[in-house]
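Below is one structure, written out as structure tokens; the observations come after it.
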Amino acid sequence: MTKVSLPLEKLNTLLDGGVEDGSNVLILADLVVDKMKFGSSLVNYRHEQDDNVVYFINNKLPRYARDYIKTDDNVSFIDGFSATINKETEEDYQIDMKISESTSDYIEASVATVKQALEDNEGYGSTFVLDSIDSWVGHWDAMESFIDEISGTLEDTNTVGYYLLPNLGFEEDDANFEKLTEMFDYVLHLKGLERSGITLKFIHVRKPDIETKVPFDITASGLVMYVPKILVTGPYNSGKSTAVETLSETSVSVDRLGTTVALDHGKVERHGLKADIFGTPGQKRFDWALNFLGESIFGCFVMVDSRNPDYERAREMHRELEAKGIPSLVLANFQNKDDALPPETIEEELGIETRGVDALNGDNMDESLDRLFEKILSEHSWYYT
Ligand SMILES: Nc1nc2c(ncn2[C@@H]2O[C@H](COP(=O)(O)OP(=O)(O)O)[C@@H](O)[C@H]2O)c(=O)[nH]1
Ligand SMILES: [Mg+2]
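Residues in the sequence shown are numbered from 11 upward in steps of one, following this note's numbering.
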């Protein structure tokens, strides 16, 4: 069985390499998530993996989707919309009728056109995207027969079919949702939550049912795993500003008022991860930072100076973080110094997971960030609220 990878590494890990070749995937998108951008990121990614793409768009003009798709090569559009507004199509394939006149005729014509387009691409691994099936919802029989008929062609042409659907009100235990779930091999639910003025987006794999959620964002370079805020805290001179600078592509440090108002900010974006990272002292102003940065702190590094760790304060900060449900990791900094205690000793003393790092040279910093992401994905409470 061949697996076809998706544009997020974490998703592939959860799905043992991706989705099965020839399968069909429902992408249910909450309204705060731009499903067309998601679909285009998927197309751009699969195209980079040498897929041919057939993109069937039936709720707006294809050029709106083209704006997000990086290439015209080997990307064919089926225009299911122009006829609805009496416009000539510019695409190779078209559904030459209005869905409003007869949904079942429209779907029948769609089956024939999709099959044709996929067969024209035969011999390649392909990607098929249908954006979107919302206008067919309720026409269950017609939709089911469309999906059934296309399934055979997907298998024959080594194509994965992705069906986009805005979440117009499917609740968790909705009978309609169950019906939909039965029709597809995979169901990816793109969820959105508003928190402290930002929208947190994450993928919940509902078929197969996987508990770990994958937070994501859509950037110019494609889909990335996205965690809005990571905090770096610890005593004065433990290396917080240095850590933020080392981890970030760009960073600023506001230090001029001494330890009271110090705040570092950097942006991390690399190997598929994106995060805003904030450094703030762990002394008196820690509560202030937790409140100021709000509920959307996803994870925290507690920095200690391995030459002289303040165990009491580190334990206290860990307790405060734990009480707020924020996953954290102790970074035992200055490991390059001769008199540094080994991370194992510090971990044992604290009873809290600890990694040894050298913030200045960056030793073990990337690995620690990956580990914190892991902890965030498996422990963070906001997925469940
Ligand atoms: N040798 C070494 N120096 C470090 C390391 N981390 C930080 N420093 C230095 O220690 C000093 C204090 O670090 P800084 O990041 O400003 O600490 P902060 O007060 O916690 O923000 C600076 O001079 C850094 O260059 C490290 O891992 N190794
Ligand atoms: Mg500093």
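Heads up, the beta-carbon is just placed ideally off N, CA and C, and yes, glycines get one too. From a predicted model like this one, the values you see are computed outputs, not experimental measurements.
Any non-hydrogen atom of ligand 1 within 7 Å of residue i CB
| i | result |
| --- | --- |
| T252 | yes |
| L21 | no |
| A75 | no |
| G289 | yes |
| F311 | no |
| D368 | yes |
| S378 | no |
| S248 | yes |
| N346 | yes |
| N68 | no |
| N343 | yes |
| G244 | yes |
Residue i: CB within 7 Å of a non-hydrogen atom of ligand 4
| i | result |
| --- | --- |
| N374 | Ligand 4 is absent from the structure shown, which contains only ligand 1 and ligand 2. |
Cut-off 6 Å between Cβ atoms - residues of its own chain near residue i, not counting five sequence neighbours on either side
| i | result |
| --- | --- |
| Y103 | I88, T123, A127 |
| F138 | V64, T169, G171 |
| R216 | V197, H199 |
| I307 | K239, L241, I336 |
| E101 | P72, F87, D89 |
| G28 | K13, V14, S15, L16, N22 |
| N84 | N62 |
| V264 | L273 |
| L25 | none |
| E165 | G32 |
| I362 | H328, V340 |
Residue i beta carbon near ligand 2 (any heavy atom closer than 7 Å)
| i | result |
| --- | --- |
| G179 | no |
| D274 | yes |
| S263 | yes |
Residues near residue i by beta carbon distance below 8 Å, same chain, minus five either side
| i | result |
| --- | --- |
| G207 | none |
| E255 | S261, S263, D274, G276 |
| I105 | N68, I88, D89, G90, A93, Y116, A119, S120, T123 |
| E259 | G276, K277, V278, E279, R280 |
Other residues of its chain near residue i: CB distance less than 7 Å, five sequence neighbours each side excluded
| i | result |
| --- | --- |
| Y321 | E359, L360 |
| V42 | G202, T209 |
| Y394 | In this prediction, Y394 scores a pLDDT of 48, lower than 50, which makes its location untrustworthy; the coordinate-derived value is nonetheless stated afterwards. Answer for Y394: no residue qualifies. |
| L257 | G276, V278, I287, M375, L379 |
| F226 | L18, K211, F212, I213, L233, V234, M235, Y236 |
| S248 | M313, V314, D315, N343 |
| N186 | F180 |
| T252 | A369, L370 |
| T81 | H57 |
| L283 | V234, M235, F383 |
| E389 | P337 |
At what residue ranges does the region 56-127 contain a whole run of the alpha helix (DSSP H), taking only runs of 4 or more? Here the runs fully enclosed are 72-76.
Taking 8 Å as the threshold, find out whether the region 57-71 comes into contact with the region 187-207 through three or more Cβ pairs. The region 57-71, when compared against the region 187-207, does not touch it at the 8 Å Cβ threshold.
For the region 159-190, list the beta strand (DSSP E) runs that are entirely contained and at least 3 residues long, ordered along the chain. Entirely contained in the region 159-190, the beta strand (DSSP E) runs reaching 3 residues are, in chain order, 169-176.
Would you list, in sequence order, the uninterrupted beta strand (DSSP E) runs of no fewer than 3 residues that lie entirely inside the region 226-282? List check, beta strand (DSSP E) in window: 232-244, 260-264, 273-280.
Does the region 157-174 touch the region 24-37, meaning 3 or more C-beta pairs lie closer than 8 Å? Yes: the two stretches touch, three or more of their Cβ pairs being nearer than 8 Å.
Determine contact between the region 233-252 and the region 270-288, defined as no fewer than three beta-carbon pairs at a distance below 8 Å. Pairwise C-beta distances place the region 233-252 in contact with the region 270-288, as three or more of them are shorter than 8 Å.
For the region 368-384 against the region 336-344, are there 3 or more C-beta pairs whose distance is under 8 Å? Yes, since at least three Cβ pairs between the region 368-384 and the region 336-344 fall closer than 8 Å, the two stretches touch.
Would the region 305-321 count as touching the region 350-358 if we require 3 or more Cβ pairs under 8 Å? The region 305-321 makes contact with the region 350-358, as at least three CB pairs between them are under 8 Å.
The region 138-155 in contact with the region 13-28 per 3-pair CB rule at 8 Å: Touching, no, given that fewer than three Cβ pairs across the two stretches are closer than 8 Å.
At what residue ranges does the region 327-395 contain a whole run of the alpha helix (DSSP H), taking only runs of 4 or more? Listed in chain order, the alpha helix (DSSP H) runs fully inside the region 327-395 are 353-360, 375-389, counting runs of at least 4 residues.
Going along the chain, which unbroken runs of the alpha helix (DSSP H) with 4 or more residues stay wholly within the region 17-50? The region 17-50 contains these whole alpha helix (DSSP H) runs: 19-24.
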